[in-house]
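Accompanying notes for the structure given below.
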Amino acid sequence: MGRMEVKQKPKGNVARNKLMALFLSGAIALTFVGDGIHSSKLQNNDSNWAGIYAVTDPVNPKPVIKAIEASWTVVTPLNEQTSNKSSISQWIGIGGISKDGTLIQIGTVCDHEDDWIACGAFYELLPNLPKEYDVTVVPGSTINANIREIGRNLWQLQLTDKQDNVDIKEMVNYESSERSAEAILERPAFGDMKTHYTLLDFDVARFFNLRIGVSDSNKIYGMKTFRREIEKDGKEITESDLYQGNNVVIKYKRK
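The sequence shown maps to residues 5 to 259 in my numbering.
Structural data, given as structure tokens:
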């Protein structure tokens with residue numbers, strides 16, 4: 005299938021069981037999320053998220069996750085789109101799986117409408133809506149991002165895209181559950197996007213060099229990883245996999 009021509013959007017907003025560890029300065033252990041994927045029995049598939057999430061314990065996850073970093077390639081939309089309004093985001097986050105309603109995330113988003121598509125960057129702190137940056141990224145670009153707690157409830161978020169000269173650093177105060185870490189592809193669902201935008205048609209999405217930082221190095225050997233898939237009409241339309249320890253591939257099953 006062909007790839008959609010990227011056009012400039014009109015001005016305005018649109019909205020990893022084996023583990024290895026490296027140690028950073030301070031008490032943070034930087035962990036490679038391991039080989040082997042587990043289909044989650046704890047989390048149902050949903051209409052929004054696909055990808056990998058990690059917890060220290062699937063029943064009673066411990067609040068020890070202090071950092072996450074990964075790179076990804078901004079997805080390239082297929083030329084044949086099944087909807088004239090669609091969207092897709094790729095992001096890393098901490099929290100989100102626990103039931104306490106916390107999630108801190110940073111990533112990229114691509115919005116498609118009629119004959120144009122535009123991609124940018126954002127961060128989000130639940131329950132607040134996403135904050136979009138006034139930057140442009142291009143499908144195929146390589147994104148490097150990380151989230152790290154550098155003080156009590158003080159978080160540093162970074163996202164860079166050398167190809168498009170994007171360099172974002174954000175400092176935020178936020179009380180996170182610190183119980184899970186994720187690398188996710190999502191159909192954004194807030195505001196009018198929840199009902200009017202479908203998932204952007206794509207072939208494959210890739211995250212690589214995924215690493216998770218924990219405050220207690222003993223906890224990394226109990227880390228479990230799960231996949232989560234987007235479901236439509238009772239069928240999974242994505243297929244997420246983890247390979248070589250810290251790389252995530254998400255395929256879109258359109259038919």
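The beta carbon of each residue, even a glycine, is placed where N, CA and C say it ideally should be. Owing to the predicted nature of the structure, the values given are computational and were not obtained by experimental measurement.
Shortest alpha-carbon distance to residue i belongs to which of the options?
| i | options | result |
| --- | --- | --- |
| Ser-87 | Lys-228, Leu-204, Ala-209 | Leu-204 |
| Thr-202 | Ala-71, Pro-192, Lys-173, Asn-157 | Pro-192 |
| Val-113 | Arg-232, Leu-129, Leu-82, Thr-140 | Thr-140 |
| Glu-190 | Ile-254, Ala-58, Pro-65, Ala-122 | Ile-254 |
| Val-142 | Phe-126, Gln-167, Asn-150, Asn-148 | Gln-167 |
| Trp-95 | Val-176, Tyr-57, Lys-257 | Tyr-57 |
| Ala-125 | Ile-108, Ile-188, Asn-169, Leu-163 | Leu-163 |
| Ile-72 | Tyr-256, Thr-229, Glu-186 | Glu-186 |
| Ile-121 | Glu-243, Ala-149, Thr-146, Glu-84 | Glu-84 |
| Asn-52 | Arg-215, Glu-235, Pro-67 | Glu-235 |
Here's the rule: buried if 16 or more other CB atoms are within 10 angstroms of the residue's CB, otherwise exposed. What is residue i?
| i | result |
| --- | --- |
| Asp-245 | exposed |
| Ile-154 | exposed |
| Asp-237 | exposed |
| Lys-135 | exposed |
| Tyr-247 | exposed |
| Val-273 | Any question about residue 273 goes unanswered here, given that the chain covers just 5 to 259. |
| Val-208 | exposed |
| Glu-128 | buried |
| Gly-40 | Legend: pLDDT at Gly-40 = 44, less than 50; position of this residue unreliable, value from coordinates given subsequently. It is exposed - the Cβ of Gly-40 has fewer than 16 other Cβ atoms within 10 Å. |
| Asn-251 | buried |
| Asp-61 | exposed |
| Asp-165 | buried |
| Asn-17 | Only weak support is given to the placement of Asn-17: the predicted model assigns it a pLDDT of 34, under 50, and the question is left unresolved by the model. |
| Gly-217 | buried |
| Glu-233 | buried |
| Pro-131 | exposed |
| Gly-55 | buried |
| Gly-144 | exposed |
| Arg-156 | exposed |
| Arg-258 | exposed |
| Lys-228 | buried |
Could you spell out the range, first to last residue, of the beta strand (DSSP E) harbouring residue i?
| i | result |
| --- | --- |
| Gln-85 | That residue, Gln-85, is in no beta strand (DSSP E); it is neither H nor E in DSSP. |
| Met-175 | 170–177 |
| Gly-105 | Careful: Gly-105 lies outside any beta strand (DSSP E) and carries neither H nor E. |
| Lys-255 | 251–256 |
| Leu-133 | First-last for Leu-133: undefined, no H or E at that position. |
| Phe-230 | 228–232 |
| Val-167 | First, the residue type needs correcting, since residue 167 is Gln and not Val in the sequence shown. Taken as a continuous stretch (DSSP letters only), Gln-167 belongs to no beta strand (DSSP E), as it is neither H nor E. |
| Lys-70 | 69–77 |
| Gly-55 | 53–59 |
| Ile-216 | 208–218 |
| Ile-147 | 146–155 |
| Ile-241 | Run containing Ile-241: none; DSSP gives neither H nor E here. |
| Ala-193 | Run containing Ala-193: none; DSSP gives neither H nor E here. |
Assuming residue i contacts residue j under a Cβ cut-off of 8 Å, what Cβ separation, rounded to an integer in Å, is found between them?
| i | j | result |
| --- | --- | --- |
| Leu-158 | Glu-174 | With a Cβ gap of about 11 Å, Leu-158 and Glu-174 do not count as contacting. |
| Gly-100 | Ser-184 | 6 Å |
| Leu-82 | Phe-206 | 6 Å |
| Ile-108 | Tyr-178 | 6 Å |
| Trp-76 | Arg-210 | 6 Å |
Using a Cβ-based criterion (distance less than 6 Å to any ligand heavy atom), does residue i qualify as near the ligand ADP?
| i | result |
| --- | --- |
| Trp-53 | Although the ligand ADP was asked about, the structure shown includes no ligands whatsoever. |
Report task. Mind the definition here: the stretch 84–103 touches the stretch 115–125 only if three or more C-beta pairs lie below 8 Å; say whether that holds. Result -> Here the stretch 84–103 lies against the stretch 115–125, with 3 or more beta-carbon pairs under 8 Å apart.
Report task. Evaluate the contact criterion for the stretch 101–108 versus the stretch 136–150: three or more CB pairs, one atom per stretch, below 8 Å. Result -> Between the stretch 101–108 and the stretch 136–150 there are fewer than three inter-stretch CB-CB distances shorter than 8 Å, so the stretches are not counted as touching.
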